[in-house]
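Protein sequences, first through last, are from chains S and C. For the first sequence, my numbering assigns the number 19 to the initial residue and increments by one for each residue that follows. For the second sequence, my numbering assigns the number 91 to the initial residue and increments by one for each residue that follows. Cβ atoms here follow ideal geometry from the backbone N, Cα and C, with glycine treated the same way. This one's a predicted model, so the numbers in the text were calculated from it and none came from an experiment. I have placed the structure first, in the form of C-alpha cells, so that the comments after it can refer back to it.
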Amino acid sequence: MAGTSGGREGLDAHVVATRGTFGVDVTVRAAPGEVLAVLGPNGSGKTTVLHALAGLLPLEEGHVHVGGRTWAGPQHALDPASRRTGLLLADHLLFPHLTAAGNVGFGPRARGMPGTAVAERVTTELAALGIADLADRRPGGLSHGQAQRVALARALATDPHLLLLDEPLAALDPATRTDVRATLAHRLAAYDGVTVLVTHDPLDALTLADRLVFLESGRVVQEGTPSEVVDRPRSRYVAQVVGLNLYAGNATAVDTVLTALGPVVTPGFAHVGATWVAFAPSAVSLFPERPEGSPRNTWPLTVAAVELLGRLARVRLVDGAGHPVVAEVTAASVTALRLHPGTTVWAAVKASEVTAYPA
Amino acid sequence: MSIDSRPASAGVASPLRSRTSLIVPAAVGVALVVVPLTALLLRADWAALPQHLAAPTVWPAVRLSLVTTTTTVLISLLVGTPLAWLLARATGRAATWLRAVLTVPLVLPPVVGGVALLLAYGRNGVVGAPLDEILGVTIPFTPVAVVLAEVFVAMPFYVVAVEGAMRQVDRRYDALAATLGASPWHTFARVAVPLATPGIAAGAALAWARALGEFGATITFAGNFVGTTQTAPLAVYTALEQDPEAAIALSVVMLTVSVVVLGALRGRWVR
Chain S
19 MAGTSGGREG LDAHVVATRG TFGVDVTVRA APGEVLAVLG PNGSGKTTVL HALAGLLPLE
79 EGHVHVGGRT WAGPQHALDP ASRRTGLLLA DHLLFPHLTA AGNVGFGPRA RGMPGTAVAE
139 RVTTELAALG IADLADRRPG GLSHGQAQRV ALARALATDP HLLLLDEPLA ALDPATRTDV
199 RATLAHRLAA YDGVTVLVTH DPLDALTLAD RLVFLESGRV VQEGTPSEVV DRPRSRYVAQ
259 VVGLNLYAGN ATAVDTVLTA LGPVVTPGFA HVGATWVAFA PSAVSLFPER PEGSPRNTWP
319 LTVAAVELLG RLARVRLVDG AGHPVVAEVT AASVTALRLH PGTTVWAAVK ASEVTAYPA
Chain C
91 MSIDSRPASA GVASPLRSRT SLIVPAAVGV ALVVVPLTAL LLRADWAALP QHLAAPTVWP
151 AVRLSLVTTT TTVLISLLVG TPLAWLLARA TGRAATWLRA VLTVPLVLPP VVGGVALLLA
211 YGRNGVVGAP LDEILGVTIP FTPVAVVLAE VFVAMPFYVV AVEGAMRQVD RRYDALAATL
271 GASPWHTFAR VAVPLATPGI AAGAALAWAR ALGEFGATIT FAGNFVGTTQ TAPLAVYTAL
331 EQDPEAAIAL SVVMLTVSVV VLGALRGRWV R
C-alpha cells in the first residue's frame, strides 16, 4: 500500500507567496524518492515555502505539481486535507489525548480507512521505525526522541506523496539527535515519495539530502548536490555552512582576481569578469612577520576570536576594512604566536590552495 | 492615614493599624455575602425539611427545573460548542461583533431579556406570529418558553467559557490535522473537543447553574404556572407568601445543589 502512486513524477513547484511583508519566489524540483534539503539563515523563507507546499499558505502565483497531479495552479488550489502531504515539525505536536497508536492512526482514520486496516497500518509504521513497543503510550510518557519518531510515523502513515520535514531534529539534544537522524535516514531510504527537509544544520543536509537548495531573502541563491555545493559555494551563507572562506571578486588578468581582501593569485585561472574565490580555513597559515618566498597570497590581519576544538583552533580574523577570514591552525601555534583578540598577524594561502570559479 | 514615609520598623503600631484598615472593609464584604446564607441555614426547620419539601408545588417545580436546565445544557452543547470553536478560530471584524452580541445577555437585565423573547416568540412576535398562523404553534407560557429563556441567558456563559478553552488549543494542531487529511468537522470532533473537554465541562456547569437560577426572563416570557412554567426559583418566590417554610426548604435544596456544583468545578476544572 505504501506509496502506490508514490509521486512517480516527483515534485515540481514554483512558490510565490507572502507572509506579512515578506515574500518568497522559489522554484523547487525533486524526483520521486529524492530528499531535497532547503537551507538558509533565519527568515530566509524556508518554512514559508514548506507551508505553501502543504497548502497552509495560499500561493499568489506559481504552481505545485506532485506525482503528476496539480495541487495548486493558476485556477485552483487543493485544501491541505486534500493534498497528500506528511508534516513533521521540530516540536512533535502529538495529540496529547491520544496514544502513540492513536496519533499514528489519526491520518488513516481521517481519510476514511476502516478500523482493522488502520490498526494494521499503525503496527507496520511503528515497527518500521523500531518503536512498536510504544504503541499504547501517551505523548506525556514519551521521551523527546521517542515522541519525534512517533510523529514521523504519524506523518508517514497516510502514505504521503510529499513529506515535509521542518527542522525535524532541531529540538532534540545532541545524543538523541544522532539517533533520530539515523532512524530518519533509514526510513527515508525506503520512502518513494519526495521529501523536502528544511534545516539550518549542515550535517542534516549533508547526511540526509540528495540535493540542496539554499534560500536567502526568499530567493534561491544556490542549488545542487551536496558535493557541488561543498566544492563551489556561491554565497557567504553557503560558504559558512560548508566551512569555506569565500570572496566575490573580479578577474581582471590571467592568474589574478581582485577581491575585497586585495588581489588573490590563482594560477591557471583564465576567466575574466565576476568570480568567486574560495579557500579552506586549513589552507590559511599564520605568521608573525610577512612570509617570503613561494607564490603566496598574504594579508596583514587582526585576530577577532579564537576557539579551541580539541588539538585544532579556529581563528577568526579581520582585515582593516572588517572583511573576515577564518583560519584553522594547531593549538600549538595559538601559543607560539600568542594569538588572542587584537593580535596582528600575517595570513598566507598558497596559490594552489585557492579555488576560483566564475560567478 | 496610616500610610506614611517611616519605615515599618519605626513603630509596631503602624503596620498593625494599616492592616486593620484593610481588614475592616474586607470583613464587611464577607459579612454581606455570608450573613444571608447563614440566616437561611439558621432559620431552616431541618427536622421538618422533608415534610415541607412534600408541599404540592415543590416537586413539579423541581422536576420542571431539572428537565429545562438539562435541555438547556444539551442545546448549549449541541449548538454552542461548534459556535465556540468557530469564534475561537475566527479573525476579523465580523467575529468581534458577533462575540460582542453574544455577550449581551451576560450583562442584560433578565427581565429585558424576557421582554425581547416575548417580542420575538410571543403570539404577536416577529417569529411567534407566523408560527401561530402557519403551524398553530404558540410558545409563550409553555415549558418550551422556559427553555428558550434559559438558553438565552445561559448559553452565552457556555460559549464564552468554551471559546476561551478552545483558543488555548495550539493552532498548529489544526494545520497538522489538516495535512493528515482531517476535514474541519473531524478536526473539531477529534482534536478541538477532546482538548477543550475541561473547558466544556466547566462551561456546561456554569450554564446549568445560570439556567437553574433563571427568574426574570422566565417569569416575563413564560409566566408562572404550576407544572408547566413554574421553575424552582419561581416556586420559591410564590411560596414565600403562602407557605414560607416550603420556600425556605426549597431554597436550602437549591443552595446545596449550587455548592455541590461549585465544589465539583473547583476540584477538577477551576482552581
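Contact under 7 Å by Cβ, residue i with residue j
i: THR361(S); j: VAL321(S); result: yes
i: THR66(S); j: ARG47(S); result: no
i: PRO50(S); j: GLY28(S); result: yes
i: ALA301(C); j: THR171(C); result: no
i: ASN263(S); j: VAL344(S); result: yes
i: ARG156(S); j: THR117(S); result: yes
i: ALA365(S); j: TRP294(S); result: no
i: GLY148(S); j: THR194(S); result: no
i: LEU355(C); j: ALA292(C); result: yes
i: ALA331(S); j: VAL352(S); result: yes
i: LEU270(C); j: ALA128(S); result: yes
i: GLY130(S); j: PRO178(S); result: no
i: GLN240(S); j: ARG252(S); result: yes
i: VAL259(S); j: VAL56(S); result: no
i: LEU173(C); j: VAL249(C); result: yes
i: ASP260(C); j: THR277(C); result: no
i: THR196(S); j: LEU206(S); result: no
i: VAL217(C); j: ALA210(C); result: yes
i: THR284(S); j: VAL372(S); result: yes
Host alpha helix (DSSP H) of residue i (start-end)
i: VAL259(C); result: Unbroken run through VAL259(C): none, as it is neither H nor E.
i: LEU208(C); result: 200-211
i: VAL216(C); result: Segment: none, VAL216(C) is in no alpha helix (DSSP H) and carries neither H nor E.
i: VAL67(S); result: 64-72
i: PRO376(S); result: Not the alpha helix (DSSP H): PRO376(S) falls in the beta strand (DSSP E), residues 373-376.
i: ARG179(C); result: 171-179
i: GLU121(S); result: Note on identity: in this sequence residue 121(S) is Asn, with Glu being the wrong assignment. Segment 118-128, the alpha helix (DSSP H) holding ASN121(S).
i: LEU160(S); result: No alpha helix (DSSP H) contains LEU160(S), which DSSP labels as neither H nor E.
i: PHE311(C); result: 306-311
Inter-residue spacing [alpha-carbon to alpha-carbon] between residue i and residue j
i: HIS266(S); j: LEU266(C); result: Before going further, note that residue 266(S) is Ala rather than His in the sequence given. Rounded to the nearest angstrom, the two C-alpha atoms are 42 Å apart.
i: PRO126(S); j: ALA171(S); result: 12 Å
i: THR319(C); j: THR158(C); result: 10 Å
i: ALA169(S); j: GLY313(C); result: 58 Å
i: LEU180(S); j: PHE287(S); result: 43 Å
i: LEU46(C); j: LEU208(C); result: This structure leaves residue 46(C) out entirely; chain C is present only between 91 and 361.
i: ARG229(S); j: VAL191(C); result: 55 Å
i: ALA31(S); j: HIS110(S); result: 26 Å
i: ALA173(S); j: THR103(S); result: 8 Å
i: THR348(S); j: GLY328(S); result: 9 Å
i: ALA145(S); j: ASP151(S); result: 8 Å
i: PRO342(S); j: SER273(C); result: 53 Å
i: PRO76(S); j: LEU160(S); result: 35 Å
i: THR141(S); j: ALA119(S); result: 8 Å
i: THR274(S); j: GLU310(S); result: 19 Å
i: LEU112(S); j: HIS142(C); result: 56 Å
i: THR321(C); j: SER155(C); result: 5 Å
i: VAL123(C); j: ALA116(C); result: 11 Å
i: VAL342(C); j: ILE113(C); result: 30 Å
i: PHE124(S); j: VAL136(S); result: 9 Å
i: LEU68(S); j: LEU182(S); result: 7 Å
i: THR45(S); j: VAL194(C); result: 51 Å
i: LEU226(S); j: ALA203(S); result: 6 Å
Cβ separation of residue i and residue j, assumed to be a contact under 8 Å, to the nearest whole Å
i: ALA269(S); j: GLY242(S); result: Wrong, their Cβ atoms sit about 22 Å apart, outside the cutoff.
i: VAL367(S); j: ARG314(S); result: 7 Å
i: GLY73(S); j: LEU107(S); result: Not really, about 16 Å apart at Cβ, beyond 8 Å.
i: ALA307(C); j: PHE242(C); result: 6 Å
i: ALA296(S); j: ALA257(S); result: 7 Å
Residue i CB to nearest heavy atom of the ligand SAH below 6 Å
i: GLY211(S); result: With respect to the ligand SAH, the structure offers nothing, as it holds no ligand at all.
Extent of the continuous beta strand (DSSP E) run through residue i
i: VAL256(S); result: Careful: VAL256(S) lies outside any beta strand (DSSP E), inside the alpha helix (DSSP H) at 254-260.
i: ASP249(S); result: Where ASP249(S) is concerned, there is no enclosing beta strand (DSSP E), although the alpha helix (DSSP H) it sits in stretches over 244-249.
i: ALA269(S); result: 263-271
i: LEU233(S); result: 229-234
i: TRP89(S); result: 87-90
i: GLY291(S); result: 291-297
i: ALA322(S); result: 314-327
Buried versus exposed call for residue i [16 or more other C-beta atoms within 10 Å across all chains shown]
i: THR110(C); result: exposed
i: SER348(C); result: exposed
i: ARG133(C); result: exposed
i: PRO200(C); result: buried
i: THR134(S); result: exposed
i: GLU185(S); result: buried
i: ALA184(C); result: exposed
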